[in-house]
Every structure is written in structure tokens, then in C-alpha cells.
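Following the UniProt record's numbering, the residues of the sequence shown are numbered contiguously, the last one being 425.
Beta carbons are placed, not taken as given, at the ideal position from N, Cα and C, and that holds for glycine.
Accompanying notes for the structure given below.
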Amino acid sequence: MSTEQGPRPHRVLVLNSGSSSVKYQLLDMADARRLAVGLVERIGEETSRLVHTPLTEGAGGEREVTGRVADHREALEAVAAELAKDGLGLDSPELAAIGHRVVHGGRQFTRPTVIDDAVLAEIERLVPVAPLHNPANLMGIRTARRMRPDLPQVAVFDTTFHTTMPEYAARYPIERETADAHRVRRYGFHGTSHGYVARKAAELLDRPLAELNLITLHLGNGASAAAVRGGICVDTSMGLTPLEGLMMGTRSGDVDPAVVFHLRRVAGMETDETDALLNQRSGLLGICGDNDMREITRRMDEGDEDARLAFDMYVHRLKKYIGAYAAVLGRVDAVVFTAGVGENAAAVRQAAVEGLEGFGMAVDRELNAVRSGAPRLISPGSSRVAVAVVPTDEELEIAEQTYALVGPDTRPAPESADSPATPPG
Ligand code: ADP
């Protein structure tokens, strides 16, 4: 146990474990500074790759290691070895905690939670509703606990921010007994990002979050919208899984569920095939063969009609959610764009807000064209509704939530250091 009187621990390692990758960042919470960032990809394949970038002074540039990394345990060991080379090893007494991104927290995890065996079992119980994500998250957690059993580890869930949705927004209108027996309801995802950019947007507008009605649009490879009233999520576009809602890079977003039965009947497509079709071969990719918005706008500028169609569909569906959430909120103070597409694709922002003057929404062409990594307004001064670009930072948010739970100022006395923050039922 780290009960010695050493330096006060102030570093947090953030781990985002996917099925074949682990992304990580080590942060110093004294000043929210990144000390190292990196990624292990193609875990389990012949040639895996680790890219590690130390960000401490004098540590040198990016390092790349290739070779076989058989599983998540080896991946974390490789990460630990790279960190150790920069004097940032996992055995350092300065490490306060590890924060894990966990995709599905169901209804019960309404806050970030210190991980113990009961919490692990609960995340495991959610595997049937998140078969692609939770098993990988669990592997990351188990490995990290084995490496540092004495260290507090915290699960930060993508679903937590959405657990405030009212029942009428969280339920699907299907037979209650069946839905409840199989936990079929709308959970929503990207919650860490929606919560973070909502807070940052309030800072940008210099108004209390509690007074603001916001529509937050997280447009990355996956994409989702949220209606946020006074900092509380009241609706979001993703549902039981991250497939529902907006059109995405490779996911369809909303379709008539009868598409699935139809393809079964007329094309004999099995569940797994339809799953792969809708999750991996649809969205922008399915319409024009590209899922990167940079490539799509480039092709569009050259007159490519497939790219144009994909773009128009993407924007049309985005606009429908803006309209829907304007109606849900009644009054909108700001529309907030974030993530890869939201932060960078000026053409998407322009087109999504175009024609919404009746809603009090407009984009100033010049402001929208400015490229910047800072939160900024892109609406004209006269606009009733602010339109903003707010870069997301999910890792910082996970680190902050982790540190708030286990940091030295809040950590329980050593005798009771293992008492978990059990989620309320
Ligand atoms: P992820 O969901 O994987 O975290 P990101 O939020 O990083 O994704 O978003 C990735 C997507 O952002 C890319 O697929 C690409 O479509 C888009 N993107 C990134 N940079 C730009 C850019 N400069 N212009 C337009 N789109 C961009």
C-alpha cells in the first residue's frame, strides 16, 4: 500500500482499452499537463505497433515499437516499459490513480466509480448490452489491477451523463415486459464529451451552466447529439447501442428497424451480417466509399456526386436532430460543435445551421473559417442562439473525474482506502 510519506501522488494514467487497441495518457493533475500520450494498436495480430510520445521537457520525440503484442496484458506491460524510460513508470509513488474509460455503465452507474470486485462484476453484467466494448474495457481494468493492485482505479462511463434522461426519453415505445427483461432502453454514449463541452461552452459564454439550454453535437467517427438543460442531459441521439441517431462514419444511425427483418427475409442475412452492415459498412462509408470528412469534402469540391450525396445526407440528418432538440428544449442558448468533424469541418457546421434563421441560429462565414484549437463562437453577434466550436478532451475529463474521487485531498484515510464508492442501485 502506498502509505509512505513520499511525494504526494498527483499523476493520473487514463486508459481507453478497445478490442484491439489501448490508448493512454499520463497527466499531471497539479496543472492538468500531459506528461505522455500513446497508443498500442493491432493487439493480437502478427505486427502490433506502439507509438509513445513523451511530453516532458528533454524527453525527446515520438518513439515507435513494432512487434507482436499478444494481448492487453502485454500491451500494458509495453506501455509501462515506455513510461519507465522517461522516469514515469507505473511503479512511481507519484501515480495517484488509473482512470478507465468504460463504454457502458447501464442505468446504475450514475457517477464515476472506484473499481472493486463488485463494480467489476457489474460491468461484466452489462456485457450483453455492450458486447463490442465492455469486454475490452474489462481486460484493460483487470490487467491494470494486476499490475498495481494497491492503486485506486476508477471507471468513468460514457453513459453516466445520460442517466438523467427522463423516463419518457430513455424508454423505447415497445412492450415493457420484454424491454425490461432484457434491459432494452436508451442509454446514450459520448457522455464524457457532452458533459465536458457543455461546461466549457458555459465558460465561453461566461454564463452559469445551470441557466443554459444547449444542443451539443459530438461529431467524430461516431456521432451523437445531446439536449442539455441546465447542465443536465434530457435527451441524446444514441440508444441501446451507439448505432442509433445521427449518420456516422461507418454506422447508419436511424433506420427503420424493419430493414433488419427485410434483409433477413429477402437476402437471408444473419444477425451478425446485418450488425456488420449497419455498424461497419454504412454511414458515410456506405454511401460514398469514404468515411473521412476531409476526403469527402475534397471529392465534393471536385464535383463527385457520391461524396455530395453522403455529405447532404449527413447534414440533413444532423439538422433534423438540431430541430428536434430545439423543440425538446423550448429555448436554445447555444449549439455546440465538437470532435473531429465538429471541430474541423467548417462546411458541415455551415450546412447544418443553414436555413435555421427561424430558430435564431446562424453561422458567420468568416468566423466559421477560422482554424483554431480554442473554444470559439462562430455565430454573428446578432444571432439569438450562439453557435460555438468547443474542442473536446475526454482524457482530461476522465483524469479530472478520477482525481476528484481518489486524489490526495479526497482520499480516505489509509485504513479505509479500499472502501469503494458503490454506485446507487
Ligand atoms: P473518434 O470518434 O475516432 O474519436 P475523432 O473525433 O477523432 O474520432 O474524429 C475523426 C474524424 O474527424 C475523421 O474520420 C474525419 O472524418 C474528421 N476530421 C478530422 N480532421 C478533419 C478535418 N481537418 N476536416 C474535416 N474532417 C476532419
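Heavy atom of the ligand ADP within 7 Å of residue i beta-carbon
i    : result
M247 : no
R298 : no
V114 : no
R251 : no
A339 : yes
D304 : no
D393 : no
D312 : no
R384 : no
M293 : yes
N344 : yes
G188 : no
G222 : yes
Cβ-based burial, residue i [other Cβ within 10 Å; buried from 16]
i    : result
A121 : exposed
D180 : exposed
T159 : buried
A327 : exposed
H182 : exposed
T66  : exposed
M195 : The question names Met, yet the displayed sequence has Gly at residue 195. So G195 ends up on the buried side.
D393 : buried
F161 : buried
E354 : exposed
T271 : exposed
V390 : buried
E400 : buried
F109 : buried
R365 : exposed
V266 : exposed
P242 : buried
Rounded C-alpha distance that separates residue i from residue j
i    : j    : result
A201 : E46  : 44 Å
G344 : V259 : At residue 344 the sequence reads Asn, which differs from the Gly that was named. Whole-angstrom Cα-Cα distance: 33 Å.
A198 : V228 : 8 Å
G106 : G58  : 44 Å
L405 : K320 : 38 Å
L209 : R42  : 41 Å
L88  : V69  : 21 Å
E244 : G188 : 9 Å
P166 : I215 : 17 Å
E211 : P375 : 19 Å
G191 : G230 : 15 Å
V14  : L205 : 29 Å
R185 : E64  : 42 Å
R176 : V385 : 38 Å
S379 : M361 : 8 Å
M313 : R8   : 52 Å
N213 : F311 : 28 Å
R49  : D86  : 19 Å
G253 : G286 : 12 Å
C233 : T163 : 8 Å
A84  : G44  : 23 Å
H262 : V255 : 12 Å
Y325 : G239 : 15 Å
D117 : D292 : 40 Å
V370 : A346 : 9 Å
M269 : M147 : 43 Å
E302 : R171 : 44 Å
V40  : V22  : 5 Å
F359 : G323 : 8 Å
D306 : A96  : 50 Å
S416 : L277 : In this prediction, S416 scores a pLDDT of 39, lower than 50, which makes its location untrustworthy; no coordinate-derived value is stated.
V294 : A352 : Per the sequence shown, the amino acid found at residue 294 is Arg instead of Val. Rounded to whole angstroms, R294 to A352 spans 16 Å at the Cα level.
Beta-carbon separation (whole angstroms), residue i vs residue j, contact threshold 8 Å
i    : j    : result
P222 : M248 : Residue identity differs from the one stated: residue 222 is Gly in this sequence, not Pro. G222 to M248, Cβ: 5 Å. Contact.
L356 : L27  : Wrong, their Cβ atoms sit about 38 Å apart, outside the cutoff.
V156 : V102 : 7 Å
R251 : S282 : 6 Å
V154 : P112 : 6 Å
V348 : V315 : 6 Å
V363 : V387 : 6 Å
L246 : L329 : Rounded, the Cβ-Cβ distance is 17 Å, inconsistent with contact.
P152 : V114 : 6 Å
M29  : G373 : Not confirmed; about 21 Å, so no contact.
R145 : E94  : Actually they do not touch by this definition, with Cβ atoms about 19 Å apart.
>> Check whether the segment 202–222 and the segment 326–344 are in contact - that is, three or more C-beta pairs closer than 8 Å.
In response: yes
> Just checking, does the segment 18–37 make contact with the segment 55–74 on the three C-beta pairs under 8 Å criterion?
Replying inline: yes
> Between the segment 118–137 and the segment 78–97, do at least 3 Cβ pairs fall closer than 8 Å?
Replying inline: no
> Below 8 Å, can you find three or more Cβ-Cβ pairs linking the segment 136–147 to the segment 84–100?
Replying inline: yes
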